[in-house]
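Q:
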Amino acid sequence: MKELAKRGHDVTVASFFPQSDPLANYTDISLKEIAEVRKEQINLQVFDKPNKIIGSLGLQNFMTQVFAFQPLSDLALKVCSGLVNLPPLAEALQKNYDVVLIENFNSDCALGLLHVYGVNAPIISLVSGPLLQWSYGRIGLPDNPAYVPTITSRTSSITTLLERLENTALNLYFKLWFRYAIQVKERVIIERRFWTKIPDLDILAKNVSMMLVNTFHSLNAVRPLLPGLVEVGGMHIQRKQEEYKHTSPVIPQVSPF
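For the sequence shown, position 103 (counting from the first letter as 1) is numbered 102 according to numbering that gives the first Met the number 0, and the numbering increases by one without interruption.
1. Per DSSP, V147 is paired with what?
2. Excluding the 5 residues preceding and the 5 following P87 in the sequence, name in chain order all residues of the same chain whose CB lies nearer than 7 Å to its CB.
3. Could you check whether the segment 133-148 touches the segment 109-120, counting it as contact only if at least three pairs of C-beta atoms, one from each stretch, sit closer than 8 Å?
4. Using the beta-carbon count (16 or more within 10 Å), is G233 buried or exposed?
5. What residues in its chain sit with their C-beta under 6 Å from that of E102, if we drop five residues either side in the sequence?
6. Using the beta-carbon count (16 or more within 10 Å), is E185 buried or exposed?
7. How big is the Cα-Cα spacing for A200 and E190?
8. Within 10 Å of its beta-carbon, does L225 have 16 or more other beta-carbons around it, so buried, or fewer, so exposed?
9. Taking I122 as the reference, which of A145, S208 and A4 has the closest Cα?
10. Take the Cβ of W133 as the centre, count every other Cβ of all protein chains shown within 10 Å, and call the residue buried at 16 or more, exposed below.
11. Need the endpoints of the beta strand (DSSP E) that T26 sits in, please.
12. Among the residues of its own chain, which have a CB less than 8 Å from the CB of L56, if the five just before and after it don't count?
13. Using beta-carbon positions only, say whether A204 and D97 come within less than 7 Å of one another.
14. Between E165 and A67, what straight-line distance do the alpha-carbon atoms span, to the nearest angstrom?
15. When you compare the CB of Y146 with every CB in chain D, is at least one pair closer than 7 Å?
16. Can you give me the C-alpha to C-alpha distance between V187 and V229, rounded to a whole angstrom?
17. Which residues in the same chain have their Cβ closer than 6 Å to the Cβ of D9, if we skip the five residues on either side of it in sequence?
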C-alpha cells in the first residue's frame with residue numbers, strides 16, 4: 000500500500016498498524032481501539048503438546064488443527080462489531096474508489112460494509128499466507144482434498160488413504176466453521192446495526208475480481224491455478240534498482256538490467 004502511495008496514488012488504509020510517520024497520499028484509519036490483535040492470537044504450543052487421551056484414539060493431529068483456529072472466530076466477531084460503529088471508516092466508505100483491496104483471513108465483515116455503503120469498485124483479495132479452505136470457492140478454484148492439503152496440514156503432499164480421509168474431514172470442518180461461526184454471525188451484526196438486509200456474505204465473497212496470495216510454487220507446491228489468482232510471494236521485499244546491476248554479468252551474453 001505504501002508503494003502505491005509513493006507512485007502517486009491516493010490510498011486509504013484501515014488497519015491495526017497505522018503508520019508512525021505520515022506519508023504523502025496515504026490516509027490511515029486506525030483500528031487499534033477495536034480489538035487487541037497480537038501475533039500470538041493462535042497458540043502454536045497446541046501443536047507441540049500432545050494430549051495423551053486424544054493421542055491414544057489416533058485423533059491428535061486432527062483435533063490439534065481443529066482447536067487451533069477457534070480463537071479466530073471470537074476475534075472476527077469482536078472486530079466486526081467495532082467496524083460497524085467506527086465513524087472514520089463510515090466516512091471513508093462514502094467516497095469513490097478505483098479499487099478496493101481486502102485481507103482475506105478470518106472475516107468477511109468488510110464485504111458486507113462495502114455493500115451497505117454502495118461501494119462498487121472492483122475488489123481484490125489479499126491473502127498473507129497460503130490459501131484458506133474457504134478461499135478457493137470464491138474464484139472457482141478446485142480444492143480437491145485428495146491432493147490439496149489444508150492450511151494446517153503437516154505435509155505438502157498427500158499420499159496415503161488415511162491422510163486423504165483426515166484431510167477431507169478437515170476441509171469440510173473448516174468450511175462449515177467459517178460459514179456458521181463467522182459469516183452467518185457477521186451478517187447478523189451488520190443487519191442489526193444498519194436495519195437493512197444484505198446478501199449472504201458467501202455470495203458477496205464470490206464477487207472478488209482477483210486474489211493476490213503470498214505463496215510461490217517452488218515453496219508451496221505446484222497445483223492447477225486460475226488466472227484470477229496471482230502468487231506474489233516475496234513482493235514485500237524492497238530493493239533498490241542499483242542492487243540488480245552487475246559490473247560483470249555471470250553470463251557474458253546477458254546484459255545487466
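We put the CB at the ideal spot given by N, CA and C, even for glycine.
Just so it is clear, the structure is predicted and the values come from calculations on it, not from any experiment.
A: Once the coordinates are examined:
1. Paired residues: none, contrary to the question.
2. I28
3. Three or more beta-carbon pairs separated by less than 8 Å are not found between the segment 133-148 and the segment 109-120, which leaves the two stretches without contact.
4. exposed
5. L125
6. Its Cβ being crowded by 16 or more others within 10 Å, E185 is buried.
7. With the sequence shown as reference, residue 200 is identified as Leu, and Ala is not the correct amino acid for it. Rounded to whole angstroms, L200 to E190 spans 12 Å at the Cα level.
8. exposed
9. Comparing Cα positions, the closest option is S208.
10. Its Cβ being crowded by 16 or more others within 10 Å, W133 is buried.
11. Y25 to S29
12. Any reading at L56 needs caution, since the residue's pLDDT is 45, under 50, leaving its predicted position unreliable; the model's value is listed next. So no residue of the chain qualifies.
13. For A204 and D97, no; Cβs fall outside 7 Å.
14. 16 Å
15. This model lacks chain D altogether, as it is built from one protein chain only.
16. Taken atom to atom, the span from the alpha-carbon of V187 to that of V229 is near 32 Å.
17. Excluding residues within five positions, the ones whose Cβ falls inside 6 Å are N24.
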